[in-house]
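Report on the following structure.
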Amino acid sequence: MRVKDVDLFQRVQSQDEDALEQLYDRYEKLLFSFSFKMTNNKFLAEEAVQDVFTKIWSKQRNFDEGKGKFSSWLLTVTRNTCIDLLRKKKDTPYELEERDSLNETEPTPEEELEWKERGEEVRMAVGELSQEQQEIIELFYFKGMSQSSIAEKQDIPLGTVKGRLRLSLKHLKGILKEKKERGVRDDV
Amino acid sequence: MSKHDLLLDYFNGQLSEEERKAFEEHLTECADCREELRELEELTEDLPFSSEPVAPPEGMKERVLSNITGTAGASDAKDNPEPSDNTITLGKESQQPEPKRKKMSWYKPLMAAVLTLSLAGNGAALIYMSNNETTEPAPPQETPPEETPPEETPEETEQPTLDIVQQIHELQPSEGVDAQATATMIEQSENTNLVVQASDLPPLEGEETYQVWVLEDGTPFRAGTFVTNEQGVGAVSYLMEYEGEHQFDTLAITREPNAHSEVPQGDILLSAPL
Numbered sequence: 014m015r016v017k018d019v020d021l022f023q024r025v026q027s028q029d030e031d032a033l034e035q036l037y038d039r040y041e042k043l044l045f046s047f048s049f050k051m052t053n054n055k056f057l058a059e060e061a062v063q064d065v066f067t068k069i070w071s072k073q074r075n076f077d078e079g080k081g082k083f084s085s086w087l088l089t090v091t092r093n094t095c096i097d098l099l100r101k102k103k104d105t106p107y108e109l110e111e112r113d114s115l116n117e118t119e120p121t122p123e124e125e126l127e128w129k130e131r132g133e134e135v136r137m138a139v140g141e142l143s144q145e146q147q148e149i150i151e152l153f154y155f156k157g158m159s160q161s162s163i164a165e166k167q168d169i170p171l172g173t174v175k176g177r178l179r180l181s182l183k184h185l186k187g188i189l190k191e192k193k194e195r196g197v198r199d200d201v
Numbered sequence: 005m006s007k008h009d010l011l012l013d014y015f016n017g018q019l020s021e022e023e024r025k026a027f028e029e030h031l032t033e034c035a036d037c038r039e040e041l042r043e044l045e046e047l048t049e050d051l052p053f054s055s056e057p058v059a060p061p062e063g064m065k066e067r068v069l070s071n072i073t074g075t076a077g078a079s080d081a082k083d084n085p086e087p088s089d090n091t092i093t094l095g096k097e098s099q100q101p102e103p104k105r106k107k108m109s110w111y112k113p114l115m116a117a118v119l120t121l122s123l124a125g126n127g128a129a130l131i132y133m134s135n136n137e138t139t140e141p142a143p144p145q146e147t148p149p150e151e152t153p154p155e156e157t158p159e160e161t162e163q164p165t166l167d168i169v170q171q172i173h174e175l176q177p178s179e180g181v182d183a184q185a186t187a188t189m190i191e192q193s194e195n196t197n198l199v200v201q202a203s204d205l206p207p208l209e210g211e212e213t214y215q216v217w218v219l220e221d222g223t224p225f226r227a228g229t230f231v232t233n234e235q236g237v238g239a240v241s242y243l244m245e246y247e248g249e250h251q252f253d254t255l256a257i258t259r260e261p262n263a264h265s266e267v268p269q270g271d272i273l274l275s276a277p278l
């Protein structure tokens, strides 16, 4: 039977190299792709993945099972790591990668398959949002921008950023939920 | 701004250390903010999956894993000292732990990528070179490689490219230099690829690089730039494309203040006649 993520995580924290490799294999591509989306730079993305696993191995981050799914937690750690790296590297100019120049390869393991399906759903759902709503999600979530920078960028009062973001995210969630329910009906 | 308004900046790690602590304290008292934070986490949980799949760079797994286990090795020794009072000694030397691989910093993948590239592209040549390692330095080739090539048949259907090793040169270190290098010229289709591999080079500082040159009557042409790893090993694969006809007579490696020297500024460390 497949070893649970949480069990692997605990073994990694007790310095089990095999468990580290297994956990790494499970999440390498998702974390790298997400980090690349956040940083738009392959070297920073690799550094982010490195940092995430280092934090787990050296017990700088702890997962609390009561707080939800391991994968969600891991992605949150990754996102925070990317934001940190972006801040640190802000003064260092680096070339932006052309997204087209990167190979898109077929995911194989089951997580990647799930990710691919889910990813398509999310991207389609995002596509149904208005331009403004897409932008505020991009600026807030993927660019990790401060509230004031978002207000400036979107030319809206500071006080309305949170409301607009929340509305956009809720709208997105609603579309996703609808898709899921429709999907279930289609399957039957 | 009231405390409640710091939620987004808290979520995005945009608060100062002080503000962050204050906000976390506020969170323990304010159920509304806790609820908002939880909702924000929930509403964003699908978003990472919208990232387009991107293939991780070559060798990333090895780099990441060895960095982690390598770094941990040091702290391990501190945290859980193994009982070392084992007095039973066998006839052999006491077992030494495997040396952990060195930690690499974030820009190193660049260099590794260069190495991988030259190794992958010229695998055959490199194997050939290492087989030759123990033999005498190759004497200058009897037949000049510029001999009239056999008649081309351009209409031929596409064929797999065969890389042909044209020349192999062991570079001679200059006086006071203790380094080795080999240069291999490989014919790839119509072009010549120069692969230089060097070891035992002194460490570089700052923006310094090692530069390969080919010289024609004392005129230098750039022929590849490389940096060394912590073991003083470096390699570069360079496509020799120069305007006009040339009869290069010398190949040399110098140490340059940066990667942009148009003429050598450093002394020649290693060289070979061509």
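As they're listed, the protein sequences go chains A and B. Counting from 14, one number per residue, gives the positions in the first sequence under my numbering. Counting from 5, one number per residue, gives the positions in the second sequence under my numbering. We put the CB at the ideal spot given by N, CA and C, even for glycine.
> Between the beta-carbon of B/Val-216 and the beta-carbon of B/Val-200, is there less than 7 Å?
Replying inline: yes
>> Using a Cβ-Cβ cutoff of 7 Å, what residues of the stretch 15-43 of chain A are near chain B? List them in chain order.
In response: Gln-28, Glu-30, Leu-33, Glu-34, Tyr-37, Glu-41, Lys-42
> DSSP puts B/Glu-220 in a beta bridge; with which residues?
Replying inline: B/Thr-223
> In this structure, does DSSP put B/Val-199 in helix, strand or coil?
Replying inline: strand
>> If contacts are defined as beta-carbon pairs under 8 Å, then B/Asn-195 and B/Leu-243 qualify, I think. What distance do you get, rounded to the angstrom?
In response: 6 Å
> Are any of the Cβ atoms in chain B nearer than 7 Å to that of A/Glu-110?
Replying inline: Because the pLDDT at A/Glu-110 is just 41, under 50, the model does not fix this residue reliably, and the value given afterwards should be weighed accordingly. Not an interface residue.
> Could one say the Cβ of A/Val-53 lies closer than 7 Å to chain B's Cβ atoms, at least one of them?
Replying inline: Val is not the amino acid found at residue 53 of chain A; the sequence shown has Asn there. No, A/Asn-53 lies away from the interface with chain B (no Cβ there is under 7 Å from its Cβ).
> Relative to the C-alpha of B/Gln-269, which residue among B/Gln-235, B/Pro-224, B/Val-58 is closest?
Replying inline: B/Pro-224
>> With a threshold of 7 Å between beta-carbons, can A/Asn-75 be considered close to chain B, or not?
In response: no
> What residue ranges within the stretch 14-39 of chain A form continuous alpha helix (DSSP H) runs of no fewer than 4 residues, ordered along the chain?
Replying inline: 18-26
>> Along the stretch 52-72 of chain A, where does the CB come closer than 7 Å to a CB of chain E? Name the residues.
In response: Among the chains of the structure shown, chain E does not appear; the protein chains present are A and B.
>> Against chain A, with Cβ distances strictly below 7 Å, would B/Ile-72 count as a contact?
In response: yes
>> Determine whether the beta carbon atoms of A/Ile-150 and A/Arg-177 lie at a separation below 7 Å.
In response: no
>> Rounded to the nearest angstrom, what separates B/Ile-172 and B/Glu-266 at their Cα positions?
In response: 25 Å
>> Cβ closer than 7 Å: which chain B residues qualify as neighbours of A/Ile-169?
In response: The contacting residues do not exist; A/Ile-169 stays about 13 Å from chain B at best.
>> So, for A/Val-174: in the same chain, excluding its five sequence neighbours on each side, which residues have a beta-carbon less than 6 Å away from its beta-carbon?
In response: Gln-160, Ile-163, Ala-164
> Between which two residues does the alpha helix (DSSP H) carrying A/Gln-96 extend?
Replying inline: It should be noted that the sequence gives Ile, not Gln, for residue 96 of chain A. Taken as a continuous stretch (DSSP letters only), the alpha helix (DSSP H) holding A/Ile-96 covers 83-101.
>> In whole angstroms, give me the CA-to-CA distance for B/Glu-174 and B/Val-68.
In response: 35 Å
>> Using CA atoms only, rank isn't needed, just tell me which of A/Arg-179, A/Leu-33, A/Phe-153 is closest to B/Asn-71.
In response: A/Leu-33
> Does the beta carbon of A/Val-3 come closer than 7 Å to any beta carbon on chain B?
Replying inline: In the structure as shown, chain A begins at 14 and stops at 201. Residue 3 of chain A is therefore absent and cannot be evaluated.
> Using 8 Å as the Cβ pair cut-off and three pairs as the minimum, do the stretch 38-58 of chain A and the stretch 81-101 of chain A touch?
Replying inline: yes
> Is the stretch 56-72 of chain A touching the stretch 123-137 of chain A, taking contact as three or more C-beta pairs under 8 Å?
Replying inline: no
>> I'd like to confirm the pairing. Which residues does DSSP put opposite A/Ile-188 in its beta bridges?
In response: DSSP output for A/Ile-188 lists no bridge partner at all.
>> Under 8 Å: do the stretch 14-27 of chain A and the stretch 16-31 of chain B share three or more Cβ pairs, one atom per stretch?
In response: no
> Are the C-beta of A/Gly-176 and some C-beta of chain B separated by less than 7 Å?
Replying inline: no
>> For A/Met-51 and B/Glu-245, what's the separation of their Cα atoms in angstroms?
In response: 38 Å
>> Just to make sure I have the definition right: I need the residues of chain B whose C-beta is within less than 7 Å of the C-beta of A/Asp-180. Which are they?
In response: Here residue 180 of chain A turns out to be Leu, not Asp, going by the sequence shown. Those do not exist, as A/Leu-180 stays about 10 Å from chain B at its closest Cβ, beyond 7 Å.
>> My assumption, with CB atoms under 8 Å, is that B/Leu-255 sits in contact with B/Ser-241. Please give the rounded CB distance.
In response: Actually they do not touch by this definition, with Cβ atoms about 14 Å apart.
>> Residues of chain B with CB closer than 7 Å to the CB of A/Gln-144, please, in chain order.
In response: Within 7 Å Cβ-Cβ: nothing; A/Gln-144 doesn't reach chain B, min ~16 Å.
> Whose Cβ in chain A lies nearer than 9 Å to the Cβ of B/Asp-13?
Replying inline: Ser-159, Gln-160, Ser-161
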